[in-house]
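*Asks:* My structure is below; once you've seen it, I'll send some questions.
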Amino acid sequence: MVEGRYKDRQEAGQTLATHLMQYANRRDVLVLALPRGGVPVAYEVARALHAPLDVFLVRKLGAPGHEELAMGAIASGGIRVLNAGVIGTLGIPENTIEQATEREQRELERRTQEYRDNRPMPVLRGKTVILIDDGLATGATMRAAVRAVRQKQPQRVVVAVPVAAPSTCAELAEEVDEMVCVRRPEPFFGVGLWYENFAQTSDDEVRALLTRATKEIPVPSWNQ
1 MVEGRYKDRQ EAGQTLATHL MQYANRRDVL VLALPRGGVP VAYEVARALH APLDVFLVRK
61 LGAPGHEELA MGAIASGGIR VLNAGVIGTL GIPENTIEQA TEREQRELER RTQEYRDNRP
121 MPVLRGKTVI LIDDGLATGA TMRAAVRAVR QKQPQRVVVA VPVAAPSTCA ELAEEVDEMV
181 CVRRPEPFFG VGLWYENFAQ TSDDEVRALL TRATKEIPVP SWNQ
């Protein structure tokens, strides 16, 4: 048993929400989850804040032979962020990066259809956007999300996670208006270590939580 672990993503989300209560009951706040694991966490935050919940699609570019290690990430809007340190250390060639980008782009498009079902992306201009995932290791996927969201001209970008590598929190803090990392264990090792139950979130669970949020969370209209 590792001390300081969350029981599951639901508990992690409930804990994270207590650190974000200054954003509760505000008409300008949007909660955007990074699927899939970020959705159960973000659902609990959105419910506590009475804020709209949606997803923001990002795909990690896994390093060959080390798929859990991000050599970069892509996000909606043609954003690609590469991790030069990982690429250089492993000697990953350009054609391998391009092949991974094309493969993950196809998956990004599939998930966009799967989760959004032609529903338009909420208006981000002038809003306070809270980006949520279940944890951050290298931060590549979140960094891609932040840069893509910035293109939509929000008023404020907040990144909030239950657990993250301390160095990643420090680096991302330079790119956002507020960085909320509830736990920053050292040594970190990996996100899954800090959950008792870290079972993969399914597409069905993502859709179900988005539907529940629409029906159960009392919030103002997206465009108000």
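When we follow UniProt numbering, the leftmost residue of the sequence shown carries the number 1, and every step to the right adds one.
Ideal Cβ positions, reconstructed from N, Cα and C, are used throughout, including at glycine.
1) To which residues does DSSP link T128 through a beta bridge?
2) Counting pairs of beta carbons, one from the stretch 196-206 and one from the stretch 172-182, are three or more of them closer than 8 angstroms?
3) List the DSSP bridge partners of E186.
4) Does DSSP put M179 in a helix, in a strand, or in coil?
5) Assuming contact is defined by CB atoms lying nearer than 9 angstroms, are L61 and I74 in contact in what I supplied?
6) If you compare alpha carbons, which of E205, A63 and R184 is closest to L136?
7) Extract the residue ranges of the beta strand (DSSP E) inside the stretch 16-74, only unbroken runs of 3 or more that lie entirely within it.
8) Near L108, what residues of its chain come up, given a Cβ to Cβ distance below 6 angstroms and the 5 sequence neighbours on each side ignored?
9) Quick one: residues in its chain with C-beta nearer than 7 angstroms to the C-beta of P218, no 5 flanking neighbours on either side, listed in chain order?
10) Quick check on P166: does DSSP put it in helix, strand or coil?
11) Kindly identify the DSSP beta-bridge partner or partners of L82.
12) Can you name, in chain order, every residue of its own chain whose Cβ lies under 8 angstroms from the Cβ of Q14, other than the five neighbours on each side?
13) Relative to the C-alpha of A46, which candidate in A160, T89, E174 and L172 has its C-alpha closest?
14) Taking the continuous alpha helix (DSSP H) assigned at K215, which residues delimit it?
15) Rounding to the nearest angstrom, what Cα-Cα distance links A164 and D117 in this structure?
16) To the nearest whole angstrom, what separates the beta carbons of A140 and A70, a pair I think is in contact under 8 angstroms?
17) Kindly list the residues whose CB is nearer than 6 angstroms to the CB of R143, restricted to its own chain and excluding five residues on each side of it in sequence; keep chain order.
18) Taking the Cβ atom as the reference point for each residue, do I132 and V191 lie within a distance shorter than 9 angstroms?
*Replies:* Put simply:
1) Walking along the sequence shown from the start, residue 128 turns up at place 128. Its beta-bridge partners are V29 and R156.
2) Because the criterion of three Cβ pairs below 8 angstroms is not met, the stretch 196-206 and the stretch 172-182 do not touch.
3) For the purposes of this step, residue 186 is taken as residue 186 along the sequence shown, with counting starting at 1. Residue pairing by DSSP places E186 opposite no residue, since no beta bridge is assigned to it.
4) Along the sequence shown, one-based indexing puts residue 179 at 179. In the structure shown, the three-state DSSP call for M179 is strand.
5) By one-based count along the sequence shown, residue 61 stands at place 61. By one-based count along the sequence shown, residue 74 stands at place 74. Yes. Within cutoff.
6) For the purposes of this step, residue 136 is identified with residue 136 of the sequence shown, where counting begins at 1. Ranking E205, A63 and R184 by Cα distance to L136 puts R184 first.
7) Taking only runs of at least 3 residues, the beta strand (DSSP E) segments lying wholly in the stretch 16-74 are 29-33, 53-55 and 58-63.
8) Numbered from 1 along the sequence shown, position 108 holds the residue referred to as residue 108. Hits under 6 angstroms: L57 and R59.
9) Here residue 218 corresponds to residue number 218 of the sequence shown, with the count starting at 1. Hits under 7 angstroms: H50.
10) Translated into positions along the sequence shown, residue 166 becomes position 166. P166: helix per DSSP, three-state reduction.
11) Along the sequence shown, one-based indexing puts residue 82 at 82. The partner list for L82 (beta bridge, DSSP) reads G72.
12) For the purposes of this step, residue 14 is taken as the residue at position 14 of the sequence shown. These residues qualify, in order along the chain: E44 and A48.
13) In the sequence shown, counting from the first residue as 1, residue 46 sits at position 46. When the alpha-carbon of A46 is set against those of A160, T89, E174 and L172, the nearest one is in A160.
14) The count along the sequence shown starts at 1 and reaches residue 215 at position 215. Per DSSP, K215 is one residue of the alpha helix (DSSP H) stretching across D203 to E216.
15) On the sequence shown, position 164 is the one that residue 164 refers to. On the sequence shown, position 117 is the one that residue 117 refers to. When rounded, the distance between both Cα atoms is 31 angstroms.
16) As a first step, residue 140 is located in the sequence shown; it is residue number 140 there, counting from the start. As a first step, residue 70 is located in the sequence shown; it is residue number 70 there, counting from the start. Contact flag correct, Cβ pair sits at about 4 angstroms.
17) By one-based count along the sequence shown, residue 143 stands at place 143. The beta carbon of R143 is closer than 6 angstroms to those of V81 in its chain, skipping five residues each way along the sequence.
18) By 1-based counting over the sequence shown, the position of residue 132 is 132. By 1-based counting over the sequence shown, the position of residue 191 is 191. Taking 9 angstroms as the Cβ cut-off, I132 and V191 do not qualify as a contacting pair.
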